[in-house]
Amino acid sequence: MRFKDSQEQQSYLKHASEQGNLELVYAGLDVLGSTPWQINRKVFDVVLKVWNSGDRMCKIPPAVYDVPEPQKPENYESDPKARLVYLTRQKVWSENKANNHSDRCSVNYKIEIARAVSHFLSPPSHSPVR
Numbered sequence: 018m019r020f021k022d023s024q025e026q027q028s029y030l031k032h033a034s035e036q037g038n039l040e041l042v043y044a045g046l047d048v049l050g051s052t053p054w055q056i057n058r059k060v061f062d063v064v065l066k067v068w069n070s071g072d073r074m075c076k077i078p079p080a081v082y083d084v085p086e087p088q089k090p091e092n093y094e095s096d097p098k099a100r101l102v103y104l105t106r107q108k109v110w111s112e113n114k115a116n117n118h119s120d121r122c123s124v125n126y127k128i129e130i131a132r133a134v135s136h137f138l139s140p141p142s143h144s145p146v147r
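Each residue of the sequence shown is one higher than the one before, counting from 18 in the numbering used here.
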């Protein structure tokens, strides 16, 4: 079972386990663990179409980060406040661009898991040997 890296939470979990208060939690996790995966092929096909287009849609990030980079102000060299505002915006933009890449990798990983599971769960497409 996952929990945050917290001494307090670990202590509560240990105490609850010693008291036998986690049996229903364990039973629920067993049920979830034994539930077979199912991939909705129509939804999966739409996700693949969006993914392959490279466009942003819902929680699928674009292949190429589509937010324009902040422009350096004309008074960048002479106005410390304008410089600070620009540098702050640039930092946020850079972080968001990196996050876009990270999110794209995460979505790709999930798509590949769904692809593997769907192939594993699907019956073979070839005819049985007679």
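For every residue, glycine included, the Cβ atom is placed at its ideal position computed from N, Cα and C.
- Query: If ARG106 and PRO79 are in contact, beta carbons under 8 Å, what's the gap, nearest whole angstrom?
  - Reply: The residue labelled residue 106 in the question sits at position 89 within the sequence shown. The residue labelled residue 79 in the question sits at position 62 within the sequence shown. 20 Å between Cβ atoms; not a contact.
- Query: Would you say ASN57 and TYR82 are within 8 Å of each other, going by their C-beta atoms?
  - Reply: On the sequence shown, position 40 is the one that residue 57 refers to. On the sequence shown, position 65 is the one that residue 82 refers to. Going by C-beta atoms, ASN57 is not nearer than 8 Å to TYR82.
- Message: With the cut-off set at 8 Å, would you say GLU33 and LEU41 are in Cβ contact?
- Response: In the sequence shown, the residue the question calls residue 33 occupies position 16. In the sequence shown, the residue the question calls residue 41 occupies position 24. Looking at the sequence shown, residue 33 is not Glu but Ala. The Cβ-Cβ distance between ALA33 and LEU41 does not fall below 8 Å.
- Message: Looking only at its chain, what residues have a beta carbon closer than 7 Å to the beta carbon of SER28, apart from the 5 residues adjacent to it on each side?
- Response: Against the sequence shown, residue 28 aligns to sequence position 11. By the criterion of a C-beta distance shorter than 7 Å, SER28 is surrounded by no residue of its chain, once the five residues flanking it on both sides are discounted.
- Query: Ordered along the chain, which non-local residues of its own chain (more than five positions away) have a Cβ less than 7 Å from that of VAL146?
  - Reply: As a working mapping, residue 146 is identified with position 129 in the sequence shown. With a pLDDT of only 48 at VAL146, under 50, the local geometry of the prediction cannot be trusted, and no value is derived from it.
- Query: Where does ILE56 fall in DSSP's three states?
  - Reply: For the purposes of this step, residue 56 is identified with residue 39 of the sequence shown, where counting begins at 1. Coil, per DSSP.
- Other residues of its chain near TYR93: CB distance less than 8 Å, five sequence neighbours each side excluded: Your numbering for residue 93 matches position 76 in the sequence shown. Closer than 8 Å at the Cβ level, and outside the excluded window around TYR93, lie ALA99, ARG100, TYR103.
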